[in-house]
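The opening residue of the sequence shown carries number 0 in numbering that gives the first Met the number 0; numbering runs sequentially from there. This report concerns only the one structure given below.
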Amino acid sequence: MSSKTYPHGFASTLQHARIRMTDPSSSTSTDPKLMCTYYDELGNMSMNNVHSRDVFERGFTVDDKSTTGMAVREKGETNLSEAVDSSKMVMNLSRSQKYVDWDWFLTFTLNQKEHPGTAHHWEWKNSMEWTKQVPGYENMSTAEQNEIKRAMEESSAPHIYANWHSVKYLLLKHIENHVSALGTNSAILSRDEYQTEA
Numbered sequence: 000m001s002s003k004t005y006p007h008g009f010a011s012t013l014q015h016a017r018i019r020m021t022d023p024s025s026s027t028s029t030d031p032k033l034m035c036t037y038y039d040e041l042g043n044m045s046m047n048n049v050h051s052r053d054v055f056e057r058g059f060t061v062d063d064k065s066t067t068g069m070a071v072r073e074k075g076e077t078n079l080s081e082a083v084d085s086s087k088m089v090m091n092l093s094r095s096q097k098y099v100d101w102d103w104f105l106t107f108t109l110n111q112k113e114h115p116g117t118a119h120h121w122e123w124k125n126s127m128e129w130t131k132q133v134p135g136y137e138n139m140s141t142a143e144q145n146e147i148k149r150a151m152e153e154s155s156a157p158h159i160y161a162n163w164h165s166v167k168y169l170l171l172k173h174i175e176n177h178v179s180a181l182g183t184n185s186a187i188l189s190r191d192e193y194q195t196e197a
């Protein structure tokens, strides 16, 4: 399978995934199960002719040249998302000042409980009012109730992220368009942290 359009007008799996996950007018863009299904499908396609041990050790990376949009990370390739908190990565970032003089080092921290864009989600999720919509919730075992709670936590993530992403985008655009216009910015490094509560 590839990203090209197939005969009779069918789109590739990657095109289907992009359309379904980025269409804000469709509920598929906030369906974590569908996102996991597409990730699994594209991941399986990316693993073609690759030993599963290598995938478990290295993981995937974004690859615009791949027909699936991702590829198995090369041996020795840094996983920046996991390494950015390491002391070695901090030292590397500090040394980069020699080549690129930073104007900003931003950390956007989301406090779901207090942020105006996510507080209502957090409050509703933790109020347990939603359990009234789950048939037989009161009669379930503690393990079953905990599983339902975990499922609710996971299913709320796309909604919370969508709101938070909008805020981050607007902040960065403000810095880029308004502060940069003053000639004060040449480089910006931003980093995210997530907390479930204060």
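Where a beta carbon is used, it is the ideal one built from N, C-alpha and C, also for glycine. Note that the structure is predicted; figures quoted are calculated from it, not measured.
Nearest residue (CA-CA) to residue i, options the options
{"i": "Thr12", "options": "Leu105, Met69, Lys172", "result": "Met69"}
{"i": "Gly58", "options": "Ala150, Val71, Tyr38", "result": "Val71"}
{"i": "Ser165", "options": "His177, Thr117, Val133", "result": "Thr117"}
{"i": "Glu175", "options": "Thr21, Leu105, Gly8", "result": "Leu105"}
{"i": "Glu73", "options": "Asn91, Pro31, Val49", "result": "Val49"}
{"i": "Asp63", "options": "Gln14, His7, Val54, Glu137", "result": "Gln14"}
{"i": "Trp101", "options": "Arg149, Leu92, Leu109", "result": "Leu92"}
{"i": "Asn47", "options": "Ser65, Leu33, Cys35", "result": "Ser65"}
Expected contact under 8 Å - CB spacing of residue i and residue j to nearest Å
{"i": "Thr67", "j": "Met44", "result": "5 Å"}
{"i": "Ser155", "j": "Lys124", "result": "6 Å"}
{"i": "Arg19", "j": "Thr27", "result": "4 Å"}
{"i": "Tyr37", "j": "Ala10", "result": "That belief does not hold up - the Cβ atoms of Tyr37 and Ala10 are roughly 13 Å apart, past 8 Å."}
{"i": "Glu153", "j": "Pro31", "result": "6 Å"}
{"i": "His120", "j": "Gln111", "result": "7 Å"}
Residue range of the unbroken alpha helix (DSSP H) whose run includes residue i
{"i": "Pro157", "result": "141-173"}
{"i": "Trp122", "result": "First, the amino acid is wrong: residue 122 is Glu here, not Trp. Its alpha helix (DSSP H) spans residues 118-126."}
task: Only counting runs of 3 or more residues, tell me where the beta strand (DSSP E) segments fall wholly within the region 7-72, in order along the chain.
output: 59-61, 69-71
- request: Could you tell me whether the region 129-144 touches the region 157-175, using the rule of 3 or more Cβ pairs below 8 Å?
  value: no
- prompt: Hey, is the region 139-146 in contact with the region 168-179, meaning 3+ C-beta pairs nearer than 8 Å?
  reply: no
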